[in-house]
Amino acid sequence: MKIEERKVSGVTILDVSGKITIGEGSAEIRNKVRDLLESGDKDILLNLGNVSYVDSSGIGELVSCYTTVTNQGGQLKLLNLTRKMRELLAITKLLTVFDDYKEEGAAIASFSE
Amino acid sequence: MKIEERKVSGVTILDVSGKITIGEGSAEIRNKVRDLLESGDKDILLNLGNVSYVDSSGIGELVSCYTTVTNQGGQLKLLNLTRKMRELLAITKLLTVFDDYKEEGAAIASFSE
Amino acid sequence: MIFPILGRFAISKTTVTQAQIDLSFSSAVCYLDLVQDVSDNITKLIGFDEDARYWIGMSIRESVINAIQHGNDEDESKTVGVCLTASSDRLIVLVRDEGEGFDEEDLPDPTDSENLLKPSGRGIFYVRSFMDDVSFARRPEGGLEVRMEKRLNSDKEKQ
Amino acid sequence: MIFPILGRFAISKTTVTQAQIDLSFSSAVCYLDLVQDVSDNITKLIGFDEDARYWIGMSIRESVINAIQHGNDEDESKTVGVCLTASSDRLIVLVRDEGEGFDEEDLPDPTDSENLLKPSGRGIFYVRSFMDDVSFARRPEGGLEVRMEKRLNSDKEKQ
Ligand SMILES: Nc1ncnc2c1ncn2[C@@H]1O[C@H](COP(=O)(O)OP(=O)(O)O)[C@@H](O)[C@H]1O
Ligand SMILES: Nc1ncnc2c1ncn2[C@@H]1O[C@H](COP(=O)(O)OP(=O)(O)O)[C@@H](O)[C@H]1O
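Residue numbers (the numbering used here), protein chains in the order written: chain A, 1 to 113; chain B, 114 to 226; chain C, 227 to 385; chain D, 386 to 544.
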């Protein structure tokens with residue numbers, strides 16, 4: 001897994017690529033998010049368009065990040081869910097929890113609504 | 114396996130790519146060579162630079178082609194042997210049988226010597 | 227001496243008739259990719275489409291992770307067994323560990339609102355969603371055996 | 386309800402400790418890629434370098450092709466068995482068929498000048514070149530078993 005960070009209009013975008021699974025450092029996203037929160041960056045957009053594989057622990061990881069950010073008064077949203085990831089979120093009723101976008105501009109705009 | 118045919122200075126070059134093994138149509142080269150001989154093309158250069166895999170039956174295939182072409186008074190030479198293929202030919206003493214080149218120009222020139 | 231071309235074996239790429247693969251390995255996640263590669267290969271041979279192959283591979287992976295973590299407590303001296311039986315119309319997978327097993331009744335439903343935001347507890351739910359039959363049995367010799375079956379013409383469509 | 390992040394399992398990618406893989410399949414070449422994928426995976430886990438992985442994979446492939454063609458006469462009702470045992474410093478491979486076997490003494494040397502241009506007869510020669518130990522035995526239950534061993538710190542260098 002690789003995570004690249006960039007900032008657009010005050011929102012931190014994490015471009016995640018590779019596998020989000022056990023053994024592939026699924027804790028990396030969590031650590032990254034914790035670092036961001038500590039430095040006061042509370043609006044976070046996870047771009048998952050280049051994620052090649054995710055398993056239940058990867059989904060759990062996303063949920064963990066969501067709860068931590070929410071607990072600290074921030075917002076965590078998802079961008080470019082792959083078809084498979086959308087399916088995994090849908091059948092565990094998590095699509096209702098996560099705010100997800102197909103278009104970066106719309107996603108960014110939603111943070112200041 | 115894929116074979117593409119082109120002609121340079123009267124020599125037919127077969128650019129072979131993919132696997133030369135059983136089950137991957139190792140007979141394709143043989144059939145191609147037979148077709149060429151039938152239509153009178155007896156100078157044949159096998160460009161093996163893009164061959165990803167070869168096993169003993171693939172090596173046998175090259176030998177078959179060599180003997181057929183030689184039997185009909187033609188010449189079959191090899192271009193761009195991969196390191197692994199060179200090793201396979203070397204340990205079965207076939208490097209002494211085949212005329213092989215690293216450079217297309219030199220290979221072509223050798224046919225008219 | 228010059229030999230003529232011999233007519234060598236005419237071999238076609240046939241589809242799977244019958245294959246069985248038994249893997250057993252110490253309880254470490256380094257074997258996950260191996261298991262998944264085997265799954266991908268065999269499901270392709272049986273003729274599952276790309277989506278089905280993905281979900282089957284994930285289901286096996288989830289079960290193996292459970293066997294390593296929950297069954298064998300990540301104790302590398304304990305073994306995980308995976309047995310895949312492929313025939314022309316289905317795949318049967320057994321995943322075995324050396325643990326105590328668990329009570330299916332006790333499994334919380336991850337889609338219940340009080341579980342929705344838990345960071346774990348979705349593995350078996352996914353396995354049940356993607357495979358046709360899933361059962362758990364304590365083996366007479368000890369340890370848990372998960373049995374999963376996926377049929378080629380499954381009425382269970384992609385979720 | 387919001388849950389805190391739970392400290393989940395800290396799992397490292399360990400190297401191979403002990404793994405055994407048994408494959409058995411009907412005599413068809415469609416399984417060759419599966420076998421080779423398994424070989425590539427397990428030799429990577431053991432820590433063989435890229436060249437060694439290639440030659441081991443090819444040696445196994447050659448042996449399986451022989452089992453299918455010569456041992457089982459391409460009769461799909463007959464089974465080929467491949468058993469890989471991986472430990473931290475070596476790989477042991479057994480390839481079994483249901484045939485009569487052959488006499489090692491009778492094997493022609495493909496590098497003899499009268500065999501040099503034969504279109505076949507190089508498989509076992511390659512296997513012997515690349516693996517540390519190669520032996521053939523008729524099994525008591527019938528059928529041939531080829532045993533190949535490759536050690537991680539093999540004194541046998543790349544040919
Ligand atoms: N092989 C197993 N041995 C013992 N218990 C298991 C096994 N597999 C699953 N379980 C139990 O079932 C629970 C749910 O498993 P699962 O749905 O895969 O989610 P998770 O592994 O994220 O907890 C586990 O937390 C564990 O208590
Ligand atoms: N599994 C086997 N069962 C019976 N005979 C075999 C087996 N493997 C090899 N042989 C015999 O040994 C010969 C040499 O095999 P090999 O070196 O692999 O070359 P090739 O398969 O191209 O003939 C074969 O032609 C066959 O007669």
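From the three backbone atoms N, C-alpha and C, an ideal C-beta is built for every residue, glycine too.
Residue environment: residue 483 of chain D is assigned as buried (16 or more neighbouring CB atoms within 10 Å of its CB, all protein chains considered). Not one heavy atom of ligand 2 falls within 6 angstroms of the beta-carbon of residue 500 of chain D. Within the region 326-365 of chain C, the complete alpha helix (DSSP H) segments of 4 residues or longer fall at 349-356, listed in chain order. Of D:515, D:504, D:489 and D:517, the smallest CA-CA separation from residue 523 of chain D is found for D:489. Distance from the CA of residue 475 of chain D to the CA of residue 496 of chain D, rounded to the nearest whole angstrom, comes to 29 angstroms. Listed along chain D, the residues sitting closer than 7 angstroms to residue 169 of chain B by beta-carbon distance are 447, 507, 508 and 511. DSSP places residue 263 of chain C in the helix class (H, G or I) of the three-state scheme. DSSP, reduced to helix, strand and coil, places residue 305 of chain C within a strand of the structure shown. Separation of the CB atoms of residue 375 of chain C and residue 358 of chain C is rounded to 5 angstroms, and the pair is thereby assigned contact status at 8 angstroms. Taking 6 angstroms as the cut-off, one finds at least one heavy atom of ligand 1 near enough to the beta carbon of residue 347 of chain C. When rounded, the separation of the alpha-carbon atoms in residue 471 of chain D and residue 456 of chain D is 25 angstroms. Interface with chain A (7 angstroms Cβ-Cβ cutoff): residue 355 of chain C is included.
Shortest Cα-Cα distance from residue 403 of chain D to any of C:295, C:250, C:373 and C:343 involves C:250.
A distance of 7 angstroms or more separates the beta carbons of residue 208 of chain B and residue 201 of chain B. Not one heavy atom of ligand 1 lies closer than 6 angstroms to the C-beta of residue 283 of chain C.
In the structure shown, residue 291 of chain C adopts helical secondary structure according to DSSP, grouped into three states. Residue-level contact check: residue 415 of chain D touches chain C, since one or more beta carbons of chain C fall below 7 angstroms from its beta carbon. Residue range 140-151 is occupied by the alpha helix (DSSP H) that includes residue 144 of chain B. Residues of chain C whose Cβ lies closer than 8 angstroms to the Cβ of residue 49 of chain A do not exist; the shortest such Cβ separation is about 17 angstroms. Listed in chain order, the non-local C-beta contacts of residue 248 of chain C below 6 angstroms within the same chain comprise 309, local neighbours out to five positions each way being set aside. Of all residues in the region 69-96 of chain A, only 84, 87, 88, 90, 91, 92, 93 and 94 place a beta-carbon less than 8 angstroms from a beta-carbon of chain C.
Taking 7 angstroms as the CB threshold, residue 251 of chain C lines the interface with chain D.
In this structure, residue 417 of chain D lies near residue 446 of chain D, with their beta-carbon atoms less than 7 angstroms apart. With a cutoff of 7 angstroms on beta-carbon distance, residue 148 of chain B and residue 125 of chain B are scored as not near each other. CA-to-CA, the gap between residue 504 of chain D and residue 117 of chain B works out to about 23 angstroms. Residue 377 of chain C has C:316 as its beta-bridge partners, per DSSP.
Put simply, the CB of residue 221 of chain B is far from chain D, with every gap to its CB atoms at 7 angstroms or more. Pairing residue 78 of chain A with residue 43 of chain A gives a Cβ-Cβ distance that is not under 7 angstroms. Annotated three-state conformation of residue 218 of chain B is helix, per DSSP.
For residue 130 of chain B, the beta-bridge partners assigned by DSSP are B:115 and B:163. Judged by DSSP in its simplified three-state form, residue 156 of chain B adopts strand. About 24 angstroms separates the Cβ atoms of residue 314 of chain C and residue 372 of chain C, ruling out a contact at the 8 angstroms cut-off.
Distances from the CA of residue 144 of chain B to each of B:193, B:162, B:115 and B:167 were compared; the closest alpha carbon is that of B:115.
Not one beta carbon of chain A lies nearer than 7 angstroms to the beta carbon of residue 269 of chain C.
Bounds of any alpha helix (DSSP H) do not take in residue 409 of chain D; it lies within the beta strand (DSSP E) bounded by 403-411.
Straight across, the Cα-Cα distance linking residue 306 of chain C with residue 252 of chain C is about 6 angstroms.
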